[in-house]
Amino acid sequence: MPFPATRLRRLRSTDTFRSLVRETELTPAHLIQPAFVIAGESISEEIPSMPGVSRYSINNLVEHAGEVIEAGIGSMLLFGIPADKDEVGSGAYDDEGIVQMAVRALKDAHPDLTVITDVCLCEYTDHGHCGIPDADGNIQNDLSVELIAKTAISHADAGADAVAPSDMMDGRVGAMRFQMDEEGHPDVPIIAYSAKYASAFYGPFRDAAESTPGFGDRRGYQMDPSNGTEGVREAELDLEEGADMLMVKPATPYMDIIRRVKEATGAPVATYHVSGEYSALKAAALNGWLDEREAVLETLTGLRRAGADAIITYYAKEAAGWLR
Ligand code: PBG
Numbered sequence: 009m010p011f012p013a014t015r016l017r018r019l020r021s022t023d024t025f026r027s028l029v030r031e032t033e034l035t036p037a038h039l040i041q042p043a044f045v046i047a048g049e050s051i052s053e054e055i056p057s058m059p060g061v062s063r064y065s066i067n068n069l070v071e072h073a074g075e076v077i078e079a080g081i082g083s084m085l086l087f088g089i090p091a092d093k094d095e096v097g098s099g100a101y102d103d104e105g106i107v108q109m110a111v112r113a114l115k116d117a118h119p120d121l122t123v124i125t126d127v128c129l130c131e132y133t134d135h136g137h138c139g140i141p142d143a144d145g146n147i148q149n150d151l152s153v154e155l156i157a158k159t160a161i162s163h164a165d166a167g168a169d170a171v172a173p174s175d176m177m178d179g180r181v182g183a184m185r186f187q188m189d190e191e192g193h194p195d196v197p198i199i200a201y202s203a204k205y206a207s208a209f210y211g212p213f214r215d216a217a218e219s220t221p222g223f224g225d226r227r228g229y230q231m232d233p234s235n236g237t238e239g240v241r242e243a244e245l246d247l248e249e250g251a252d253m254l255m256v257k258p259a260t261p262y263m264d265i266i267r268r269v270k271e272a273t274g275a276p277v278a279t280y281h282v283s284g285e286y287s288a289l290k291a292a293a294l295n296g297w298l299d300e301r302e303a304v305l306e307t308l309t310g311l312r313r314a315g316a317d318a319i320i321t322y323y324a325k326e327a328a329g330w331l332r
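With my numbering, letter number 56 in the sequence shown gets 64, and the count goes up by one each step, no holes.
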């Protein structure tokens, strides 16, 4: 029945009515806190292009994790920045590497914290690519997949609760699943960066991880922002290869992909609200141009409404505080 009989505003008139008919829930349980760990002792250094986000040495990371847990966040996604980088990213699959040591320290201090590790070579290679280039600079898929699977096993050996491959090589989820099963980690889930787009919004992250490619760019393996159907295809392939959760990244420019992946697969979907999305909101907030709390919670609610089960965001700890 049309207006005037139907008036949607009636159920918007009080807080209680609004709560009764609210379709989307956002709680700290939906959020994952990313963190950067660096070599050294007692270091917390703020990332200039990400005010409020720091790189921590292991002992400071353990302390930071305590605050994240205290805020009500149950999981963290770890990125390592090694002291030395080389052509084949050896630091990524070194059992005494920065992430492996950080995982052990975190699980030791906070056994209930769910520690997810980002699995990629770009933070560990001196050329900054996510795989190994040949003489012409082309990233070699199958060789890179071998090293990426090796990295995942090493993270699981260190005690990672889940591994998250972000390299965008073809077939890496299947290789990781097969080899982790063989090596005694059949229960460690894979959170696959499935539809990962070649995005300008990774800029601040690359400052933080010192992982800007030394030559070329990542468009030969990360996705073209124009493609939606291909994003769904990537997600379906990862699911077939054994991914437990599918990820869409970045988040806000790709909310249609979140929705499409959710509807096409019915699988658990995560989205990554990336560094540049964080920095854009933070910069506007610091200038007094946006109400930070309202804008951030609206953004995260929108991602949940689009179909994301889990949201990886640098705002996790702060948002959890606001939600309480
Ligand atoms: C590594 C990786 C990147 C991000 C997560 N994993 C950078 C990239 O692909 O260049 C970006 C995260 C962010 O911007 O917050 N492959």
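All C-beta atoms in this analysis are idealised placements derived from N, C-alpha and C, irrespective of residue type, glycine included.
Model, not experiment: these values are computed from the prediction.
Quick check on DSSP: helix, strand or coil for residue i?
i, result
"residue 129", "coil"
"residue 209", "helix"
"residue 321", "strand"
"residue 108", "helix"
"residue 255", "strand"
"residue 25", "helix"
"residue 196", "coil"
"residue 221", "coil"
"residue 283", "helix"
"residue 46", "strand"
"residue 303", "helix"
"residue 230", "coil"
"residue 160", "helix"
"residue 58", "strand"
"residue 53", "strand"
"residue 15", "coil"
"residue 183", "helix"
"residue 117", "helix"
"residue 275", "coil"
"residue 63", "strand"
"residue 330", "helix"
"residue 294", "helix"
"residue 9", "coil"
Inspect the beta-carbon positions of residue i and residue j and report whether they are closer than 9 Å.
i, j, result
"residue 179", "residue 149", "yes"
"residue 275", "residue 256", "no"
"residue 156", "residue 127", "yes"
"residue 79", "residue 332", "yes"
"residue 146", "residue 228", "yes"
"residue 168", "residue 76", "no"
"residue 86", "residue 114", "yes"
"residue 60", "residue 326", "yes"
"residue 73", "residue 43", "yes"
"residue 220", "residue 260", "no"
"residue 300", "residue 289", "yes"
"residue 39", "residue 318", "yes"
"residue 265", "residue 239", "yes"
"residue 198", "residue 134", "no"
"residue 63", "residue 50", "no"
"residue 208", "residue 136", "no"
"residue 173", "residue 200", "yes"
Taking 8 Å as the line, does the beta carbon of residue i fall inside it for any heavy atom of the ligand PBG?
i, result
"residue 218", "no"
"residue 64", "no"
"residue 325", "no"
"residue 223", "no"
"residue 134", "no"
"residue 42", "yes"
"residue 59", "no"
"residue 226", "yes"
"residue 101", "no"
"residue 54", "no"
"residue 180", "no"
"residue 30", "no"
What residues match up with residue i in a beta bridge as DSSP calls it?
i, result
"residue 94", "133"
"residue 83", "40, 122"
"residue 204", "257"
"residue 89", "46"
"residue 140", "148"
"residue 171", "125, 198"
Any beta-carbon of chain B closer than 9 Å to the one on residue i?
i, result
"residue 298", "In the structure shown, chain B cannot be found, because there is only a single protein chain."
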